[in-house]
Amino acid sequence: MHIFPLFVASHVFMNTICLHVLFSADWNARRGFLF
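Using the working numbering, you'd call the opening residue of the sequence shown number 21 and step up by one each time.
Here's what the structure looks like:
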């Protein structure tokens with residue numbers, strides 16, 4: 021039972037990082053396209 025919260029926390033953390041990277045890449049692509 022002690023492993024489960026850690027697993028969920030790491031999963032959420034990884035999803036947040038992935039979304040942040042994708043959003044940053046998309047923003048950079050748009051900025052490069054506009055300018």
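Note that beta-carbon positions come from the ideal geometry of N, C-alpha and C, so glycine has one too.
- In the structure shown, H31 falls within a helical segment according to DSSP collapsed to helix, strand and coil.
- Assignment of H40 by DSSP, reduced to helix, strand and coil, places it in the helix class.
- Between the alpha carbons of N35 and F27 lies a distance of about 12 Å.
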